[in-house]
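The structure appears below as structure tokens.
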Amino acid sequence: MSDPRTDIAHVSVHGGHTRFGDGEDSLAEVVHEYARQGFAWVGLTEHIPPVSDDFLFHGELEAGETAASRRAKFDEYVSVARALQKEYRDKLKIFVGFETECCTGYIEHVEELSKQHEPDYIVGSVHHVNDVVIDWTTELYAEAAAKVGGIVELYCAYFDQQFELMGALKPAVIGHFDLIRMHDKDYVERLQMPVIKDRIRRNLNRAKEIGAILDLNVRALEKGASEPYVTGSILEVALELGVPCVPGDDSHGVATVGRHLEVGISLLQGAGFDTDWPMPRGCS
Ligand SMILES: [Zn+2]
Ligand SMILES: [Zn+2]
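Using the working numbering, you'd call the opening residue of the sequence shown number 577 and step up by one each time.
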């Protein structure tokens, strides 16, 4: 199936968080839903397990998880995903990947996971700045900002970490490129500040160099934002530099498979991006 108004294929470069991670349903149920909705292809990109117990999330701690138990679940995720990839071969193109973190020790950790699991691709995402989570509560966001001396500095540190991640791991997809704006109501203006703007252009140039595509993450709309990640002003630069951008539903269960996808598709179409969606590097 494709979009009824535009005949554009439904795809997701960033999808399928399930009970193996912080999602609600089983991976089989989520994959079934992608197939039911007629997606052309989907990348399953579960979160990696934490580097150590220090990086367990609140809910994981409450559930009595450890880094080792999360690691075991992750290994199981990959084998179940590979089995589904085979099972659905004739109905839905599935890529098996994972989504990174960017906190102390992540480079070696991700390299080791990649070596073990040989993912079809990885989504390079930053959810921490200096090891403080920036996409959870406003309190933590403020704590992360205080640690570096203010919100502008927080943006700079976020984009510097992202730059390092892209250089070290060469992800095929950059997850929610401007997630750092999540708790900043003045983000539109802030993104125009030269110290931030320069970093964005630098990072997009690096995305271009490594052949990465941007995740147009429509889950932002689910969480109350007025536009997906990536914001309009950054999309303009991406388009200028020739960095592709492809929708990602970042689904966290059956209910969010494909949700808000049409908004993302028409936004990218309106902005002038290629809607004959390129696949992540190395995928076919
Ligand atoms: Zn993410
Ligand atoms: Zn995600």
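No residue lacks a Cβ here, since even glycine has one placed at the ideal position from N, Cα and C.
What you are looking at is a predicted structure, and each value in this text was computed from that prediction instead of being measured.
To the nearest whole angstrom, what separates the beta carbons of residue i and residue j, a pair I think is in contact under 8 angstroms?
i           : j           : result
residue 841 : residue 832 : 16 angstroms between Cβ atoms; not a contact.
residue 750 : residue 700 : 5 angstroms
residue 826 : residue 795 : 4 angstroms
residue 671 : residue 821 : Incorrect: roughly 17 angstroms between the Cβ atoms, too far for contact.
residue 680 : residue 627 : 7 angstroms
residue 589 : residue 614 : With 8 angstroms as the limit, residue 589 and residue 614 do not qualify as a contact, their Cβ atoms being about 17 angstroms apart.
residue 710 : residue 758 : 7 angstroms
residue 708 : residue 734 : With 8 angstroms as the limit, residue 708 and residue 734 do not qualify as a contact, their Cβ atoms being about 11 angstroms apart.
At what residues does the alpha helix (DSSP H) containing residue i begin and finish?
i           : result
residue 593 : Note, residue 593: premise wrong, no alpha helix (DSSP H); not H, not E.
residue 636 : 634-638
residue 646 : 643-663
residue 684 : 682-693
residue 786 : Premise fails: residue 786 is in no alpha helix (DSSP H) and is neither H nor E.
residue 838 : 837-847
residue 605 : 603-612
Return the residue from the list the options that minimises the CA-CA distance to residue i.
i           : options            : result
residue 689 : 734, 623, 737      : 623
residue 823 : 771, 830, 838      : 838
residue 693 : 733, 651, 732      : 651
residue 687 : 611, 744, 718, 806 : 744
residue 753 : 761, 843, 731      : 731
residue 800 : 594, 816, 761      : 761
residue 755 : 785, 722, 793      : 793
residue 606 : 849, 857, 654, 830 : 830
residue 675 : 759, 642, 741      : 741
residue 861 : 649, 656, 805      : The structure shown does not extend to residue 861, since the chain is modelled only from 577 through 860, so no value can be given for it.
residue 591 : 584, 585, 617, 612 : 617
Which first and last residues belong to the beta strand (DSSP E) in which residue i is found?
i           : result
residue 822 : 821-824
Return the bridge partner residues of residue i from the DSSP annotation.
i           : result
residue 793 : 805, 824
residue 674 : 622, 698
residue 799 : Paired residue(s): none; residue 799 is not in a bridge.
residue 617 : 587, 669
ask   = Unbroken alpha helix (DSSP H) runs of length 4 or more, entirely within the segment 695-770: which are they?
value = Whole alpha helix (DSSP H) segments, 4+ residues: 714-724, 727-745, 763-766.
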